[in-house]
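Q:
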Amino acid sequence: MISTLMKTGICFAIMKSYSYLTKAKYYQNIEYEVLALSKDFEYLESFGFEFNNDLKETPRSWFNPPGIISRTMNLNDISEFNNMKEEHFKEVFNSRDGVVYELKTKSLQEMFYEP
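Position 63 of the sequence shown, counted from 1, bears residue number 63 in the numbering used here, the numbering being contiguous throughout.
(1) Grouping DSSP H, G and I as helix and E and B as strand, with all else coil, what is Phe89?
(2) In whole angstroms, what separates the C-alpha of Ile78 from that of Leu108?
(3) Between Tyr18, Glu114, Met111 and Thr8, which has its C-alpha nearest Ser95's C-alpha?
(4) Using a Cβ-Cβ cutoff of less than 8 Å, which residues in the same chain neighbour Phe112 once the five nearest sequence positions on both sides are dropped?
(5) Closest by CA to Lys39, which one among Phe12, Lys16, Ile2 and Glu33?
(6) Can you tell which of Val100, Lys16 and Tyr43 has its C-alpha closest to the C-alpha of Ile10?
(7) Judging by CA-CA distance, which residue of Glu114, Glu110 and Asp97 is the nearest neighbour of Asn29?
Encoded structure:
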């Protein structure tokens, strides 16, 4: 799916987030998501992208910011990303809660803030 998205020319980023089992910060889960701009939703909906802002399904703290859509990556997506990461992506954010990678050729953050 990652290479297919790259061929479309749509700007996207990858977010790797950590969930913790206890306050001692033992990892319970590592989750990967693909983030894109909501203006591309009509095209990306067929790839499983969602607004992720329904209180019935998602805690408010997990909502996407307005203007962002996302899709949880499966094991095949993660493997494909890891194989392409070095050549096509750069790390733009890293904290104890996760990492964000952007395409080397396009910045999702810059496009998000464009007027």
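For glycine and all other residues, C-beta sits at the position ideal for the given N, C-alpha and C.
Since the model is a prediction, treat every value here as computed from it, not as a measurement.
A: Based on what the coordinates show:
(1) strand
(2) For Ile78 and Leu108, the distance between alpha carbons rounds to 19 Å.
(3) Relative to the Cα of Ser95, the nearest Cα in the group Tyr18, Glu114, Met111 and Thr8 belongs to Tyr18.
(4) Leu37, Gly67 and Ile68
(5) Phe12
(6) Tyr43
(7) Asp97
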